[in-house]
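Protein chains in written order, with the UniProt record's numbering: chain A, 1 to 372; chain B, 1 to 372; chain C, 1 to 71; chain D, 1 to 71; chain E, 1 to 188; chain F, 1 to 188; chain G, 1 to 268; chain H, 1 to 268. All C-beta atoms in this analysis are idealised placements derived from N, C-alpha and C, irrespective of residue type, glycine included. Just so we're clear, the structure is a prediction, and the values are computed from it rather than from any experiment.
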Amino acid sequence: MSNARLMQGNEACAEGALAAGVRFFAGYPITPSTEIAEIMAEKLPLLGGTFIQMEDEIGSMAAVIGASLTGAKALTATSGPGFSLKQENIGFAIATEVPCVVVDVQRAGPSTGLPTSPAQADVMQARWGTHGDHPAIVLSPASVQECYELTVQAFNFAEEFRTAVIMLMDEVIGHLREKVELRENLAVVDRKKPSVPPDRYIPYVNDESRIPAMANFGEGYRYHVTGLTHGENGLPTGKPEVAGKFLQRLTHKLDPYLDRIQRWEEVELSDAELVIVAYGCTARPVREALGAARREGLKVGLFRPITIWPFPSGEIAKLGGRKFLVPEMNSGQLVGEVERIFGPKNIHRYNRIDGELITPGEILEKIREVMA
Amino acid sequence: MSNARLMQGNEACAEGALAAGVRFFAGYPITPSTEIAEIMAEKLPLLGGTFIQMEDEIGSMAAVIGASLTGAKALTATSGPGFSLKQENIGFAIATEVPCVVVDVQRAGPSTGLPTSPAQADVMQARWGTHGDHPAIVLSPASVQECYELTVQAFNFAEEFRTAVIMLMDEVIGHLREKVELRENLAVVDRKKPSVPPDRYIPYVNDESRIPAMANFGEGYRYHVTGLTHGENGLPTGKPEVAGKFLQRLTHKLDPYLDRIQRWEEVELSDAELVIVAYGCTARPVREALGAARREGLKVGLFRPITIWPFPSGEIAKLGGRKFLVPEMNSGQLVGEVERIFGPKNIHRYNRIDGELITPGEILEKIREVMA
Amino acid sequence: MVRVTENTQVIVNHDWCKKCGICLAFCPKRVLESDELGRVVVAKPEECIACRICERLCPDFAINIEVSKDE
Amino acid sequence: MVRVTENTQVIVNHDWCKKCGICLAFCPKRVLESDELGRVVVAKPEECIACRICERLCPDFAINIEVSKDE
Amino acid sequence: MSGEQVLLSGTGGQGLILAAIMLAEAAVLAGHNVVQSQSYGPEARGGASKAEVIISDEKIYYPKVQTPGLVLAMSQEAYRKYGLNLDEAAILVVDSTYVLEVKPRQKNFYALPITRLTRSELGGEQSANVMALGVVAALGNLLTREQVTQAVLNRAPKGTAKRNLKALEIGWQLGREAELPAGNRNAG
Amino acid sequence: MSGEQVLLSGTGGQGLILAAIMLAEAAVLAGHNVVQSQSYGPEARGGASKAEVIISDEKIYYPKVQTPGLVLAMSQEAYRKYGLNLDEAAILVVDSTYVLEVKPRQKNFYALPITRLTRSELGGEQSANVMALGVVAALGNLLTREQVTQAVLNRAPKGTAKRNLKALEIGWQLGREAELPAGNRNAG
Amino acid sequence: MFSEISEYFRTEALPHIWCPGCGIGTVMQALVRAIKTLQLDQNNIVVVSGIGCSSRMTGYLDFNTLHSTHGRALAFATGIKAAKPELDVFVVMGDGDAAAIGGNHFIHAARRNIDLTVIVINNSIYGMTGGQSSPLTPHDKRATTSPYGNLERPLQLLAVAEAAGATYGARATAYHNQLLTKVIIDAYNNPGFSVVEAVSQCPVSYGRRNKFKTPADMLRWQKEHGIMKGRQEIGDEEFLIGEIFRAQAAEYTREYEKLRQRLQGGER
Amino acid sequence: MFSEISEYFRTEALPHIWCPGCGIGTVMQALVRAIKTLQLDQNNIVVVSGIGCSSRMTGYLDFNTLHSTHGRALAFATGIKAAKPELDVFVVMGDGDAAAIGGNHFIHAARRNIDLTVIVINNSIYGMTGGQSSPLTPHDKRATTSPYGNLERPLQLLAVAEAAGATYGARATAYHNQLLTKVIIDAYNNPGFSVVEAVSQCPVSYGRRNKFKTPADMLRWQKEHGIMKGRQEIGDEEFLIGEIFRAQAAEYTREYEKLRQRLQGGER
Ligand SMILES: Cc1ncc(C[n+]2csc(CCOP(=O)(O)OP(=O)(O)O)c2C)c(N)n1
Ligand SMILES: Cc1ncc(C[n+]2csc(CCOP(=O)(O)OP(=O)(O)O)c2C)c(N)n1
Ligand code: SF4
Ligand code: SF4
Ligand code: SF4
Ligand code: SF4
Ligand code: SF4
Ligand code: SF4
Ligand SMILES: [Mg+2]
Ligand SMILES: [Mg+2]
């Protein structure tokens with residue numbers, strides 16, 4: 001017997017959060033993400049943490065930001081309709097640089113749609129859902145093990161880069177049960193604390209790192225947090241010079257760290273004439289189809305973005321000159337990013353939007369068609 | 001004296017709405033869109049219509065959809081934070097195919113940002129802000145006259161194609177005062193009514209037109225409206241065949257009409273070596289810089305998308321082989337659509353995000369740089 | 001005095017009935033019983049007093065009391 | 001009896017004062033007046049009874065009553 | 001083992017998802033790779049219910065059952081959807097309590113009165129899922145009885161262990177016995 | 001006329017935006033093209049306020065003033081921002097009620113006690129904006145007195161027409177007179 | 001007999017999706033009986049719901065029906081009624097729908113006293129999503145997100161409605177379904193914002209976790225704990241049924257119509 | 001004297017942005033005086049606000065301050081208090097902020113009786129956006145979106161708070177600023193959700209449109225219409241000031257702490 005456990009994707013996500021040190025959860029139930037809240041409701045008080053079911057998703061997002069300001073690692077989880085509602089406050093977390101993680105377990109939409117069926121149609125929303133310019137980190141797990149590990153990673157990114165990180169799951173992965181190893185030796189990152197006494201603390205300092213140190217409420221560093229454009233002292237200002245500098249830093253704060261943030265998996269790419277770019281649940285039928293295709297002598301490989309935003313364009317650019325196929329459970333979203341690298345020539349799509357997971361057979365057929 | 005009137009962009013938008021036959025407005029104040037609500041509050045009861053100030057933006061969007069179901073042409077107006085909040089119900093309007101128009105007068109964000117300063121940073125949100133796959137029509141006026149005319153157009157599109165249309169204005173245009181001619185002979189389109197008796201009415205019929213005829217509540221055609229995926233009879237279903245068919249029709253309902261929906265303006269493009277793609281307020285400094293550049297012998301022209309979504313890619317593709325410059329008051333949004341057409345080579349950007357309108361001087365300098 | 005009970009019919013729509021057991025539990029006359037698979041059986045139709053409690057409490061419109069007019 | 005009024009100073013911070021006129025209107029002793037541009041003038045400092053009404057009602061922390069300790 | 005695909009089908013409320021989880025758990029205990037998934041009707045109750053388990057010693061990519069090796073159908077509708085046209089190489093188990101009309105089938109067919117037996121032996125329908133699990137596990141030859149027993153213990157809601165173990169035992173027995181006269185039985 | 005650019009500056013509450021609208025309205029009445037815009041402090045009140053008008057017979061693309069032909073400064077801060085380094089070819093009008101420190105300037109400079117005069121002539125500061133408009137319009141030589149009068153009538157809040165017409169008259173007079181001794185006056 | 005009321009149903013959509021023993025069907029019956037009694041014009045009736053088990057009701061009713069978004073039914077209904085006041089607008093919501101995410105629309109619709117007939121189906125739980133606690137879950141009761149018993153107190157929905165400005169409030173249960181029909185009739189007849197709290201059983205997501213063995217047990221609990229208004233003291237888990245409050249106030253759409261007429265008469 | 005309280009301010013941020021005669025500054029002074037009287041640890045105080053003129057207050061106060069999003073201050077504050085109950089959390093909101101877009105968070109924070117000290121600055125209008133009607137704008141008064149006079153009735157905010165479960169409610173005015181300081185102290189001392197409605201003047205966006213010539217006129221109106229609780233009848237535009245209600249109930253964060261301890265003691 002191994003020490004592996006059978007676990008659902010949503011459960012693994014919750015366990016990952018606990019492993020990352022999460023001690024606060026605020027949420028509002030919604031299929032297919034609810035299990036995450038239910039597990040947190042059970043476990044957090046046992047660990048001295050806090051679970052609170054808020055009156056709606058907007059309040060949940062707000063409570064998570066509030067909790068994070070006191071120093072707690074804080075999580076919320078939702079699905080499409082709730083994700084739409086959270087957008088304003090997600091923008092607030094990003095603008096005020098308060099670390100937190102938002103899980104969106106995608107279901108089929110738009111609107112109420114097919115609440116119990118999978119889709120990958122919040123991909124663009126995860127990048128652009130809140131108003132105004134902003135940076136975004138969005139991760140996409142393709143297995144239950146990854147739900148666990150990427151949730152830890154999401155918190156590490158949130159804490160290190162002081163931002164709201166999106167875990168973009170889908171109904172297939174969230175409800176799937178697989179063997180998971182809850183590795184204990186995962187690196188856990190905590191936010192950088194001020195190294196100076198309160199009177200010398202500059203809460204939104206614009207230094208080379210682009211990531212200011214963060215004091216927690218109640219620890220003697222009194223400062224101001226506002227969603228208005230603000231100076232390095234945190235106080236609001238509309239002066240174009242100051243506001244502009246802040247917005248430049250904010251919008252480009254991730255740029256120096258892209259190497260570390262962008263993650264992907266490559267499968268049989270070296271000799272591949274066709275590169276399939278697939279992520280989340282869709283990567284799985286692709287993986288299955290790959291074997292069959294290779295057996296037919298079709299030189300095809302998989303590029304699986306794990307970080308879907310910032311999209312690993314640089315890495316994909318290196319694969320220029322080949323054909324691409326981007327299968328998605330939407331009517332074509334991330335494929336646009338591949339087009340931005342190469343233009344639309346030789347970029348193929350395969351889309352399914354009826355709430356059913358794409359099958360290996362469909363992928364294989366499409367591979368044959370594209371390579372014919 | 002001419003019969004032209006001095007009018008603010010927001011005012012022209014309100015007048016356009018009235019000219020289109022709007023008799024219902026629900027909203028929640030927010031700078032820089034508030035004047036639209038204020039004008040509607042004054043004028044609608046005089047015209048036998050209804051203005052209601054709701055408790056928030058979510059409720060405003062809901063009330064507008066409700067009113068439209070009774071047959072009223074209905075409008076709401078907001079800015080960034082409110083636009084984020086409306087996203088869930090915008091998705092509902094699109095999914096249930098209830099005509100309405102949402103004005104977003106863009107201000108600088110993210111979050112509260114610079115509430116009284118302009119930006120163009122909700123461009124991607126206007127396309128992708130709500131969860132799930134969905135079609136979108138988004139219009140971008142560059143003058144006060146266009147605020148008037150495009151609002152009429154927005155309602156015509158909403159009514160003809162049964163969808164929520166976004167008027168994506170910006171603070172510059174919304175608060176600008178210019179001479180406007182309130183043309184009386186503008187074409188006004190009304191939703192297609194059922195031509196069959198109630199017992200033969202199929203509320204979400206999937207015919208060639210892709211746009212079902214719409215009965216109004218209270219007129220004898222009793223039917224069901226739901227944001228769940230539904231069959232042609234309007235009743236909810238999760239069956240992949242039926243749901244998939246519905247979602248296909250919905251997502252692609254605009255495809256046959258792109259020719260009519262996509263609008264743009266071309267200025268001095270015939271011999272242009274550099275094409276500037278600019279929209280909304282940014283088109284104005286570009287227009288001004290064009291003259292100066294031409295005087296310097298620089299062959300440069302303007303392509304101004306008026307319909308920014310669906311983006312007129314086909315038209316721009318015809319301009320292949322030239323250089324492109326996409327100046328925006330954001331850190332690069334619509335430029336991605338141009339890159340999708342050609343790949344990133346020869347596509348240049350110019351971005352300003354400090355809340356100040358780009359100047360003709362900046363554009364001119366950039367033109368020189370790009371053409372050097 | 002007219003005995004309406006005699007002309008009462010208790011009709012169960014088995015396509016709609018979900019075997020929740022509510023009608024059984026509240027029938028004052030124990031007209032209804034359930035079989036081994038939980039299906040509603042009109043065991044003592046003659047006892048029915050047409051009080052319609054079952055009809056009103058049934059969440060599924062699955063039980064119907066028909067009283068014939070000619071008493 | 002100590003007459004504190006004698007040691008009271010009424011100090012207006014003109015950098016903060018927004019000339020709203022509230023202090024003038026509520027001073028029970030009419031200590032304060034406004035000049036032709038609306039600026040607050042301490043016209044009758046000697047009348048001030050240090051009631052601090054002006055101080056508490058001023059929305060701008062622009063008027064200060066200093067009572068010297070040595071009466 | 002490479003890709004044993006099991007499909008448990010019936011109606012919401014019969015507890016088939018839990019049975020599938022127990023089956024998957026047992027496979028984990030046995031050191032196999034496993035994926036378990038399900039699909040719901042409109043937000044989780046009432047209609048058709050389907051739970052899937054794939055057990056393999058290789059990596060499992062595609063998580064949905066494509067060619068089931070064993071199908072359990074606990075309602076007529078489930079039989080119609082998943083049993084009726086099932087390849088004869090695959091094992092088909094139907095709960096004859098609910099599945100009353102079946103198409104004759106040459107082999108690998110077991111019609112067993114699972115729910116009826118649960119009622120009579122355990123006084124109520126709860127644990128019919130575990131009895132079914134016993135049948136499936138015994139017929140599928142996938143796992144040892146100990147592994148399945150342990151899985152039931154791990155996953156049974158507290159307070160129900162005893163009852164469920166008993167159900168499992170009966171189910172296991174039922175499966176074994178059904179198998180004895182070698183396949184081709186139509187107990188419809 | 002090609003691109004007359006006018007900038008009215010001061011603090012929020014002085015009504016300069018309304019004055020700018022009236023100016024723009026007059027230009028429309030005169031058949032010109034015009035754009036009028038403004039910028040606010042933090043959501044509309046308190047701080048600095050700037051209203052801009054561009055009048056032209058050609059199409060006006062860029063809506064913001066780039067090289068003002070006339071600047072009105074009704075506060076010391078506004079003077080510092082827009083008046084201090086103004087090209088001497090442009091006309092600079094300051095309200096000497098508020099703008100107390102000015103840099104000497106060779107020409108096109110008019111320091112006039114607009115607010116003070118409004119107080120003394122009209123008993124209160126309301127309408128100082130319209131008086132300023134009168135000055136600006138007279139000095140700018142942009143429009144006829146009738147056009148400006150009509151614009152004030154069109155745009156004045158109801159109940160204030162009489163007062164505003166009087167303010168306009170005084171302002172116009174003030175502007176005309178200031179101009180008479182030919183430019184270079186420093187009434188600081 | 002179902003045939004007496006079947007004209008008000010989309011019979012082709014039945015049987016409905018609710019679980020065995022769920023009280024929502026019983027509440028639906030009471031509503032339809034009220035509408036039948038009121039003899040309203042079917043074409044003139046709009047029923048609006050949000051999202052939840054309760055809100056699926058609109059799919060089964062043969063009126064103009066709108067199944068909107070979670071919590072927003074009253075805002076949609078406000079738009080409908082404000083735009084076309086001659087429609088008879090009913091609103092059906094779950095307790096989570098109405099009191100959790102929808103709480104703000106609830107108090108503002110009440111404040112406006114807009115003429116809507118509102119039925120809140122209170123099953124003390126989020127049924128649709130599988131049994132999380134709602135703002136109306138009683139203290140100490142179990143839910144999947146209150147695994148140790150609910151720490152919070154339930155919202156006094158009718159008290160809030162009254163404080164916010166509603167002009168009619170009543171409570172009945174699935175068990176007391178004739179009373180339910182009656183108070184729905186009264187609610188409709190009140191020209192203003194009228195709320196009926198319909199206590200209902202959710203055997204699957206609430207009952208199972210809270211020691212109710214069968215749906216019938218839950219109905220018995222309703223029978224025993226619903227106390228007709230008038231009795232002076234009520235015990236622990238008891239609650240009042242019947243008309244709870246009634247008040248007088250101007251109704252929104254009528255006020256708006258007066259404004260239109262005033263303005264069209266030239267006044268401002 | 002400002003110097004007595006200046007330690008609680010970010011003096012570098014003054015003068016503030018509020019209009020001449022705006023009452024928010026006066027309310028801010030009353031709040032600071034209350035905090036000074038209470039002798040609270042400055043580092044332990046959090047002040048949360050939403051968006052609006054009133055909510056700009058947090059920028060001027062030298063505590064841990066959070067200027068959040070419109071209407072959501074209480075939800076942010078709930079997260080702060082729930083995560084770190086030892087903090088003293090004050091919440092400052094405008095009437096629109098608290099009662100319009102924020103109404104739902106308001107009733108649910110009240111229901112939880114979470115230990116927050118809430119000051120709603122009621123100037124009867126949306127000040128920041130230039131004078132639209134708020135849910136607390138009195139009937140018939142003018143606003144830019146009620147150009148013909150407000151058709152709606154104002155929300156009885158304290159009545160709703162009480163019905164929803166708040167355990168302390170009081171009202172004072174900018175004019176009655178010593179009372180205001182006192183009720184803020186009492187509100188802080190009440191271990192639960194405590195609401196102070198601070199009636200304030202907005203001369204620019206409300207006063208001008210509603211026949212108040214000067215800020216002083218508005219303060220005079222407050223003086224004359226604010227009636228100390230106790231008097232039996234109050235007239236038309238009059239309103240009660242002083243402590244309005246007080247109640248007993250379990251407080252959310254303390255209940256949660258009890259749960260943690262119970263579970264860590266091994267119980268479930
Ligand atoms: C914005 C949004 N959040 C959450 C959900 C998920 N959701 C669906 S129904 C529901 C609650 C149902 O509870 P209730 O309103 O009491 O209705 P019931 O199912 O109990 O009848 C929730 C949270 C959703 N559909 N939309
Ligand atoms: C989501 C959102 N909607 C609307 C606004 C615009 N807005 C800013 S403040 C405000 C209302 C201000 O009124 P109130 O809360 O009473 O505060 P006051 O300014 O009167 O102090 C509004 C509607 C916003 N910032 N965010
Ligand atoms: S109450 Fe209705 S559904 Fe329930 S058992 Fe009786 S007939 Fe069947
Ligand atoms: S009508 Fe009354 S007596 Fe007859 S079966 Fe129904 S409940 Fe029993
Ligand atoms: S109250 Fe204050 S701001 Fe107002 S006039 Fe007096 S000192 Fe100046
Ligand atoms: S302290 Fe009292 S008496 Fe003295 S100036 Fe102020 S208000 Fe007048
Ligand atoms: S979950 Fe509860 S409320 Fe929903 S249908 Fe089932 S029993 Fe009814
Ligand atoms: S608008 Fe009103 S509330 Fe806002 S600062 Fe000015 S006076 Fe105060
Ligand atoms: Mg419920
Ligand atoms: Mg206010």
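| query | result |
| --- | --- |
| What does DSSP give as the partner residues of F245 of chain G in its beta bridges? | G:G169 |
| Among residues of its own chain, excluding the 5 on either side of A14 of chain B, which ones have a beta-carbon nearer than 7 Å to its beta-carbon? | I36, I39, M40 |
| Step through the CB atoms of chain A and report whether any lies within less than 7 Å of the CB of T26 of chain G. | no |
| Grab me the residues of D62 of chain H's own chain with a C-beta within less than 8 Å of its C-beta, minus the 5 sequence neighbours each way, in chain order. | E7, Y8, F9, R10, Q42 |
| What are the boundary residues of the alpha helix (DSSP H) that G80 of chain A is part of? | 80 to 96 |
| On a CA-only basis, which of G:L116, G:N44, G:L38, G:D97 is nearest R72 of chain G? Give me that one, please. | G:D97 |
| If we call anything under 7 Å between Cβ atoms a contact, is S37 of chain E one with E52 of chain E? | yes |
| What residue does the alpha helix (DSSP H) around M350 of chain B start on, and which one ends it? | At residue 350 of chain B the sequence reads Tyr, which differs from the Met that was named. Counting along the chain, Y350 of chain B falls outside any alpha helix (DSSP H), though it belongs to the beta strand (DSSP E) covering 347 to 351. |
| With ligand 4 as the reference, list in chain order each residue whose Cβ lies under 6 Å from any of its heavy atoms. | C:V10, C:C27, C:P28, C:K29, C:V31, C:L32, C:C48, C:I49, C:A50, C:C51, C:R52, C:I53, C:C54, C:I65 |
| Near V67 of chain C, which residues of its chain fall below 7 Å by C-beta distance, leaving aside the five closest residues on each side in sequence? | V4, N7, T8, A50 |
| What whole-angstrom Cβ distance do Y79 of chain E and V102 of chain E have, given they're in contact under 8 Å? | 7 Å |
| Using 6 Å as the cut-off, classify the Cβ of M131 of chain F as near or not near the heavy atoms of ligand 2, replying yes or no. | no |
| So that I know if they touch, is there some Cβ in chain A lying closer than 7 Å to that of T65 of chain H? | yes |
| In the structure shown, what three-state DSSP assignment does K81 of chain H receive? | helix |
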